[in-house]
Amino acid sequence: MTTPAPDYSRKWHIMAAVGMGVFLATIDGSIVNIALPTLVSDLHTDFAHIQWVVLAYLLAVTTLMLGVGRLADMRGKKSIYTAGFVIFTLGSVLCGLSNNIYALIGFRILQAVGASMTMALGTAIITEAFPPSERGSALGISGTIVSVGIAIGPTLGGLILQNLTWHWIFFVNLPIGILGTWMVTRYVPVSLPRQGQRFDFGGAATFFVALLSLLFALTFGQDMGFSAPLVLGLFALSGIFLAAFITLELRMAQPMLDLRLFKNDLFAVNVATGTLVFICMAGTMILMPFYLQDILGYKPEQAGLLLSVVPIALGLTSPISGRMSDRFGPR
145 MTTPAPDYSR KWHIMAAVGM GVFLATIDGS IVNIALPTLV SDLHTDFAHI
195 QWVVLAYLLA VTTLMLGVGR LADMRGKKSI YTAGFVIFTL GSVLCGLSNN
245 IYALIGFRIL QAVGASMTMA LGTAIITEAF PPSERGSALG ISGTIVSVGI
295 AIGPTLGGLI LQNLTWHWIF FVNLPIGILG TWMVTRYVPV SLPRQGQRFD
345 FGGAATFFVA LLSLLFALTF GQDMGFSAPL VLGLFALSGI FLAAFITLEL
395 RMAQPMLDLR LFKNDLFAVN VATGTLVFIC MAGTMILMPF YLQDILGYKP
445 EQAGLLLSVV PIALGLTSPI SGRMSDRFGP R
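Take 145 as the starting number for the sequence shown in the working numbering and just add one per residue.
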């Protein structure tokens, strides 16, 4: 019995559907940053609290993505991706309806749960939708979508703040979320889950605690000092649970993260360089809106345009890199 040939006829429909989810998740990470000074004033809070509008989102996305990827292997990518679209869109509406800082932070976490589902699975779905000879170009286009989302976020956020209220930086997600959910339901094929799979609860729990402790230590260390007992304790807790995570994953028959992947030099270098790039970009995107608006006196739309320069450059180079990868190889 022969295996049927893969159907690539709907590859561009799938790209458009998945691209909307990737676009929403990335634009929401940048559109909120430009609104932080406005949120401080309108919600009658301070920087110590308002930073959690961004940090809570990033913490939830970072800690959930690995587990979501494993869950998709067991339940199928389409159902998890569709659920992520719905949860993200619902979270966006609730964020827009928030009237205090604590509600906004809570609903940002709900948004992040949905975003983790779309961000974790977007690349995998696109890879399966395109033939091997076109995957580099497809992933380059996906990278462009990410960059466009990051680039448009500050500019669009600035225009919304200039003409409407901050609530609309969340409501703007609603029409795209509805359309994207419909397109995923219609065009993304159902992927059969792998048989006999088990979820690695031990790995998920230890990874979650290790990463959450590290991020809390880095966050609290800025206010309390990195020599404070609580901060040092969080660093130690992170190290202990990271060691436990590595030990568990090396012994598991079906680990959440197969650490043998890092024996591949190309994969390991790619992960390391990607991590360094995003660390540099993330810090800039959080702090620069305050510097440009509060110190230099720029209007929100002016600050948004300045913040979009780097993402635009990334968007222009991503498809070129993808085509070069298809032609000459990733190295």
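Backbone N, C-alpha and C fix where the C-beta goes; we use that ideal spot for every residue, glycine too.
Computed from a predicted model, the values in this text were never measured in an experiment.
Item	Value
Assigned secondary structure, A200 (DSSP; H/G/I helix, E/B strand, else coil)	helix
Rounded distance between the beta-carbons of I249 and W196, thought under 8 Å	5 Å
Integer-rounded CB distance, given that T226 should sit under 8 Å from V166	The Cβ separation is near 14 Å, so there is no contact.
For V375, the first and last residue of its enclosing alpha helix (DSSP H)	P373 to R395
Exposure label - A161; buried when at least 16 CB within 10 Å	buried
For L199 and H157, the rounded distance between their alpha carbons	33 Å
Nonlocal neighbours in the same chain, by C-beta distance under 6 Å from L208, ignoring five residues either side	S260
Beta-carbon gap between S382 and N317 smaller than 8 Å	no
G173, buried or exposed, once every other Cβ within 10 Å from all chains shown has been counted against 16	buried
Inter-residue spacing [alpha-carbon to alpha-carbon] between L359 and L203	7 Å
V176 versus I194 - alpha carbon distance	11 Å
CA nearest to the CA of A354, picked from G377, R342 and S335	G377
Alpha-carbon to alpha-carbon, A348 and T299	37 Å
Coil, strand or helix - H188 by DSSP	coil
C-beta atoms of G211 and F229 nearer than 8 Å	no
Spatial neighbours of I253 in its chain, beta-carbon cut-off 6 Å, leaving aside the 5 residues before and after	A200 and A204
Whole-angstrom distance between R214 and A256, CA atom to CA atom	17 Å
Between the CA atoms of S277 and N408 - distance to the nearest angstrom	21 Å
When H188, K222 and Y246 are compared against G324, the one with the closest alpha-carbon	K222
Where the alpha helix (DSSP H) containing Q255 begins and where it ends	I245 to A273
Cα-Cα separation between L392 and L187, rounded to whole angstroms	44 Å
G220 versus V332 - alpha carbon distance	11 Å
D402 (DSSP reduced to helix, strand or coil)	coil
Distance, A361 Cα to G280 Cα	38 Å
Length of the line joining the Cα atoms of I269 and F406	22 Å
Given N244 as reference, the closest of F370, G293, F411 and L183 once Cα atoms are compared	L183
Proximity below 8 Å, CB of T267 to CB of L241	no
Backbone secondary structure at V166 - three-state DSSP	helix
Distance between D367 and I171 (C-alpha atoms, nearest Å)	28 Å
C424 beta carbon less than 8 Å from that of F314	no
Residue range of the alpha helix (DSSP H) that includes A295	R279 to N307
Collapsed DSSP secondary structure at T146 in the structure displayed	Annotation note: pLDDT 48 at T146 (below 50); position unreliable, no value reported.
Rounded separation between M145 and A273 - CA only	The predicted model places M145 with a pLDDT of 41, which falls under 50 and marks its position as unreliable, so this point remains unresolved.
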